[in-house]
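Here's the structure, in structure tokens; my notes come after.
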């Protein structure tokens, strides 16, 4: 028995390393390109429209295919599809680094998104299967720390590599990591499957088409105008397809995303909180990184370093947040993190000026960083514990899709507010647009905190649960103990 326990711990450690690195690569590429755009334009040419697509092509394919990637893993094997996702992502990264022109770079970015969409939702599922229930809080904490750092540090990594080496290295960075992960994942992860139900192709097409329309409209809105025919058509068509997806999923025998999951206040609450959190956070990071460079005059590397109290805090606090959620439950930790993130953004919106000192900004960055760190780890645990083990792949894909849509929506909304109130004409004009945009971001994250408070408290044997949560097996808000997850080895 001691030897088996040691073996299990070793497998859990390897699973944590593999899934965290894979998640880091996928999350990093959301914003890693933003600070490299001037250099890319200098080398490859292209209009502003083309440069925007080097960012949005990845976001679009990533968002619209996440749930399909999770469904493929449940059906054909999570480890098998995880390996396929890493392979596609790594190959597309190399193609992006060697792109001879802007069009080929955009195409490679789109394929990167496909690989990430298959790889990302399976990281949590594989991690959950490998880690014993009593230690998942800490595992989710470390996984959340790495992913949170990747999302927030994208501009720093991209700017540093571009400034000191070349922009191609923001893509070459993924290649050795991907090549190292392939044999590790093949031999250190156990294979597991979901329900074994046939693929829901109609549901996949409706959901993917609907998400594509919504995200495309949000990405193009600030550029083409919100009343443009293409933007309105994309938004209305996307909304119609998503409505059709909901109606279809309530009646289908084996739907990709069972609508009954949303009868659980835990599942609905954490997904609403995640959507709003990413909406406020992504848009704020997108604008604040430009503020530090365009208004305060920092280089990309200098701006990234000065944002480390925000972006680096998850590495320090998120593992602690995971342990804390094991003891008192995930809901209070998530809610506290969201309210701290909102307070930090609100403070920044109130003190930002055309010549604000770094010391004045620092308290807002620190508070925001602590809030982000408290959110990521317990939020992942709440998502995975709000459904039965066989549906965790579906839940992970849905949550990640909503986060990506929230990020795209956040950038679009913040950019629209920024453009309406200010602009790039002068430092003061930038600040005039930035302050109301970040204030709106703070308000949205505060609403996310309210949504988190609506998640029901979980209990086990009459005592407060330690945070790994519950798995409802019937459409009810009353939680029941989650069974241990044992991977089905094939």
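Numbering (our numbering), first residue to last: 1 to 490. All residues carry an ideal CB built from backbone N, CA and C; glycine is no exception.
Beyond the five residues adjoining it in sequence on each side, residue 85 comes within less than 6 Å, by CB distance, of 115, 118, 119 in the same chain, given in chain order. Measuring C-alpha to C-alpha distances from residue 224 to each of 40, 412, 184 identifies 412 as the nearest. Judged by DSSP secondary structure, residue 455 falls outside any alpha helix (DSSP H); it is assigned neither H nor E. Taking 8 Å as the cut-off, the beta carbon of residue 24 is found closer than this to the beta carbon of residue 146.
Distance between residue 405 and residue 285, taken at the CA atoms: about 16 Å. Under a 10 Å Cβ-count criterion, residue 435 is classified as buried, with 16 or more other Cβ atoms of the shown protein chains found around its own Cβ. For residue 167, there is no enclosing alpha helix (DSSP H), as DSSP marks it with neither H nor E. Inter-residue distance for residue 236 and residue 227 is about 12 Å (C-alpha atoms, whole angstroms).
Under a 10 Å Cβ-count criterion, residue 186 is classified as exposed, with fewer than 16 other Cβ atoms of the shown protein chains found around its own Cβ. Across the set 17, 291, 287, 43, the C-alpha of 43 shows the shortest separation from the C-alpha of residue 162. Residue 363 sits in a helix when the DSSP states are folded into three classes.
Taking C-beta atoms as the reference points, residue 127 and residue 15 count as a pair closer than 8 Å.
DSSP places residue 216 within a helical segment (H, G or I) once states are collapsed to three. Two segments are said to touch when three or more pairs of C-beta atoms, one from each, lie closer than 8 Å; by this definition the region 328 to 345 does not touch the region 295 to 308.
By the criterion of a C-beta distance shorter than 6 Å, residue 216 is surrounded in its chain by 234, once the five residues flanking it on both sides are discounted.
Annotated as distal: residue 259 and residue 268, with beta-carbon spacing of 8 Å or more.
Going by C-alpha positions, residue 419 is about 27 Å away from residue 340. For residue 302, the enclosing alpha helix (DSSP H) starts and ends at 300 to 306. Taking C-beta atoms as the reference points, residue 381 and residue 330 count as a pair closer than 8 Å. DSSP places residue 256 in the coil class of the three-state scheme, outside both helix and strand. In this model, residue 175 and residue 445 are separated by some 35 Å (Cα to Cα). With respect to the 8 Å criterion, residue 106 and residue 53 are classified as neighbours on the basis of their beta carbons.
The residue among 70, 272, 349, 385 with its C-alpha nearest the C-alpha of residue 451 is 272. The three-state secondary structure of residue 389, taken from DSSP, is helix. Per DSSP, the continuous alpha helix (DSSP H) segment holding residue 78 begins and ends at 78 to 97.
Here the C-alpha atom of residue 294 lies approximately 35 Å from the C-alpha atom of residue 320. In the DSSP assignment, residue 105 falls within the alpha helix (DSSP H) that extends over 102 to 130.
Judged by DSSP secondary structure, residue 341 falls within the alpha helix (DSSP H) whose first and last residues are 330 to 351. Residue 198 sits in coil when the DSSP states are folded into three classes, being neither helix nor strand.
By the Cβ neighbour-count rule, residue 131 is buried, with 16 or more other Cβ atoms within 10 Å of its own. Here residue 425 is exposed, its C-beta having fewer than 16 other C-beta atoms within 10 Å. The C-beta distance from residue 178 to residue 89 rounds to 6 Å, short enough to meet the 8 Å contact threshold. Burial check for residue 230: the Cβ neighbour count within 10 Å stays below 16, so the residue is exposed. Its Cα nearest to that of residue 398, the residue 66 stands out among 20, 66, 36, 22. Secondary structure of residue 271 (DSSP, three-state): helix.
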